[in-house]
Amino acid sequence: MAVHALQAADPGRAPLSCTGLPARRERRGGRHGHRRDLGRCPRRHRAAHPRVHARGHRRSGQGLHRGLRRGGRRPAHGRTRRRGRDDRHAPPAQGRVRVTEIAVPTGQVGAAAAAVEARGAAMTFNAGRPNEVIALAPIDLTVAPGELVSLIGPSGCGKSTLLRLIANLLEPTDGSLLINGKPASQARLDGDYGMAFQQAGLFDWRTVSRNIELPLEIKGWDRTRRRARALEMLELVRLCDFADHHPWELSGGMQQRVAIARALSFEPKLLLMDEPFGALDEMTREHMQTELGRIRAATGAAVIFVTHSIPEAVFLSDRVAVMSARPGRIEAVIDVALGERTELTRGDPLFFKHVTEVREALRAGHGVGGGMEDR
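Take the sequence shown: its position 44, counted from the start at 1, is 32 in this note's numbering, and no numbers get skipped.
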């Protein structure tokens, strides 16, 4: 009553709220921007309003200012920050931010990191159980940027297991792995490598072009950029005329070229290949080996190539890592100095010399009769 008496005595006075204090005449309410005259709003309506409360009807935890909570911190959202204030660089409060430490290898500053660096990497399945299997003994291996290294050995020696460790599909039980100077898990998240397998793994309902675009879709590339990149890769593998065909319309060798194009579409620095030509006939296989050499020279990617074929390993590689029977370990690393590879390379006496070196290293590692190929 006193409030209304004061207002009636002085019509020019600013409107008073139910508490007797000057009221803000208009205020935005709700998310649609409509205005409410809060100075003339009855107390019961003010208390019921979802965003405005009288002092006696304050919600639990609310301070005198909207958005202010215990601890003296305003929430990051809303309109509670004062204009002109920039606290983006203020240190976070203790106990409110989880910090994740990422190990950064030393010794890489100013020098290109190795594409792959394995130090004592080992793998044991079912460790400590009666059915324990030591798949890989501790392995040391370094692959330089742009280098092609083949892994060859008898069946069951751990070639594919080592490839899966590098791809972070398995965690080593001992030792460490760095991919381009980063932990394997981070390299996987960063898309530092692509993979190609014995089976092309293409989706029949997608065209050749859209199969190549698939990793780019997952990475969020826009449609125009995806199509342009797919066209580049089709030119690289010489399949431009088959962009709108489906995989079931292609030969086995053509499907493998599409798989390689897909693996290289996002420009990885490392390509992991697990017997990609194993299911092809001999003539197609040799053609694909030549094509891989050309593609590798064009992209500059490092390659780790798993194979059972001694001539294939020698023809493709800068170095051949010979593995022993289980538990797998690298018995020898043979440098292959053949220069540029062409169809004539297969008849070079130096080629046969390296094939003999690899075969003898396999025999020394007890790999005879273990599924090796002389083709």
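Heads up, the beta-carbon is just placed ideally off N, CA and C, and yes, glycines get one too. Keep in mind that this is a model prediction, so the values were computed, not measured.
*In angstroms with no decimal places, state the Cα-to-Cα distance between Ala301 and Thr149.*
The residue you call residue 301 lines up with position 313 of the sequence shown. The residue you call residue 149 lines up with position 161 of the sequence shown. If I take the Cα positions, the gap works out to 18 Å.
*asked:* Please report the distance separating the alpha-carbon of Ala109 from that of Asp306.
replied: Position 121 of the sequence shown, counting from 1, holds the residue named residue 109. Position 318 of the sequence shown, counting from 1, holds the residue named residue 306. Each residue's alpha carbon lies about 22 Å from the other.
*Do you know whose CA, among Phe185, Ile154, Gln187 and Ala188, lies nearest Gln174's CA?*
If you number the sequence shown from 1, residue 174 lands on position 186. The option with the nearest alpha carbon to Gln174 is Ile154.
*N- and C-terminal bounds of the alpha helix (DSSP H) containing Asp192*: Sequence index remark: in the sequence shown, residue 192 carries index 204 (1-based). Per DSSP, Asp192 belongs to no alpha helix (DSSP H) and is neither H nor E.
*Pick from His234, Val343, Glu255 and Asp336: whose alpha carbon is nearest that of His296?*
In the sequence shown, the residue the question calls residue 296 occupies position 308. With distances taken between Cα atoms, His296 lies closest to Val343.
*So, Ile298 versus Val346, is the Cβ gap smaller than 8 Å?*
The sequence position of residue 298 within the sequence shown is 310, counting from 1. The sequence position of residue 346 within the sequence shown is 358, counting from 1. Yes, Cβ-Cβ distance for Ile298 and Val346 is below 8 Å.
*Selected residue, minimal CA-CA separation from Gly241, among Asp210, Glu274 and Glu220*: Mapped onto the sequence shown, residue 241 falls at position 253. The shortest Cα separation from Gly241 among Asp210, Glu274 and Glu220 belongs to Glu274.
_Classify Leu177: buried if its beta carbon has 16 or more other beta carbons within 10 angstroms, exposed otherwise._
Indexing the sequence shown from 1 puts residue 177 at position 189. Exposed is the call here.
_Integer-rounded CB distance, given that Asn199 should sit under 8 Å from Val137_ = Position 149 of the sequence shown, counting from 1, holds the residue named residue 137. Position 211 of the sequence shown, counting from 1, holds the residue named residue 199. Actually they are not in contact, since the Cβ atoms of Val137 and Asn199 sit about 28 Å apart, beyond 8 Å.
*By the 10 Å Cβ neighbour count, where 16 or more other Cβ atoms means buried, how is Thr308 classified, buried or exposed?*
Stepping through the sequence shown from its first residue, residue 308 is reached at position 320. Reading off the sequence shown, one finds Val at residue 308, where the question assumed Thr. Looking at its Cβ environment, which holds 16 or more other Cβ atoms inside 10 Å, Val308 is buried.
*Using three-state DSSP, classify Lys341 as helix, strand or coil.*
Stepping through the sequence shown from its first residue, residue 341 is reached at position 353. Lys341: helix per DSSP, three-state reduction.
_Nearest neighbour of Glu331, chosen from Thr278, Gly163, Met311 and Glu348 [CA to CA]_ = On the sequence shown, position 343 is the one that residue 331 refers to. The option with the nearest alpha carbon to Glu331 is Thr278.
*Can the beta-carbon of Ala290 be found closer than 8 Å to that of Glu135?*
By 1-based counting over the sequence shown, the position of residue 290 is 302. By 1-based counting over the sequence shown, the position of residue 135 is 147. Cβ distance < 8 Å, so Ala290 and Glu135 count as in contact.
*asked:* I need the DSSP call for Leu332, collapsed to helix, strand or coil.
replied: Here residue 332 refers to the residue found at position 344 when the sequence shown is read from its first residue. Looking at Leu332 - three-state DSSP - the assignment turns out to be helix.
*What is the rounded straight-line gap between the Cα of Gln96 and the Cα of Leu124?*
Start at 1 with the first residue of the sequence shown, and residue 96 comes out as number 108. Start at 1 with the first residue of the sequence shown, and residue 124 comes out as number 136. Only weak support is given to the placement of Gln96: the predicted model assigns it a pLDDT of 41, under 50, and the question is left unresolved by the model.
*What's the call for Leu350, buried or exposed, on a 16-neighbour Cβ count within 10 Å?*
Counted from its first residue, the sequence shown places residue 350 at position 362. Buried, since its Cβ has 16 or more Cβ neighbours within 10 Å.
*Please go through the same chain and pick out, in chain order, the residues whose beta-carbon is closer than 7 Å to the beta-carbon of Val131, but skip the five residues on each side of it.*
As a first step, residue 131 is located in the sequence shown; it is residue number 143 there, counting from the start. Cβ neighbours of Val131 beyond the five flanking positions: Ala102, Ala103, Val104, Val137, Ala290 and Ile292.
_Let me make sure I understand the geometry here. Which of Arg282, Phe340 and Pro315 has the alpha-carbon closest to that of Pro142?_
For this step, residue 142 is matched to residue 154 along the sequence shown. Minimum Cα distance to Pro142 is reached at Pro315.
_Taking its Cβ as the centre, do 16 or more other Cβ atoms sit within 10 Å of Gly312, making it buried, or is it exposed?_
Here residue 312 refers to the residue found at position 324 of the sequence shown. Per the sequence shown, residue 312 should be read as Ser rather than Gly. Its Cβ being crowded by 16 or more others within 10 Å, Ser312 is buried.
*Quick one: residues in its chain with C-beta nearer than 7 Å to the C-beta of Ala251, no 5 flanking neighbours on either side, listed in chain order?*
Working through the sequence shown from its first residue, we reach residue 251 at position 263. Cβ within range, chain order: Gly182, Met183, Ala184 and Leu259.
*Short Cβ contact (8 Å threshold) for Phe303 with Arg282*: Within the sequence shown, residue 303 is the residue found at index 315, counting from 1. Within the sequence shown, residue 282 is the residue found at index 294, counting from 1. Contact: no.
*Compute the distance between the beta-carbons of Val294 and Met261, then report whether it is under 8 Å.*
Counting from one through the sequence shown, the residue named residue 294 turns up at place 306. Counting from one through the sequence shown, the residue named residue 261 turns up at place 273. Yes, the pair counts as a contact, with Cβ atoms nearer than the cut-off.
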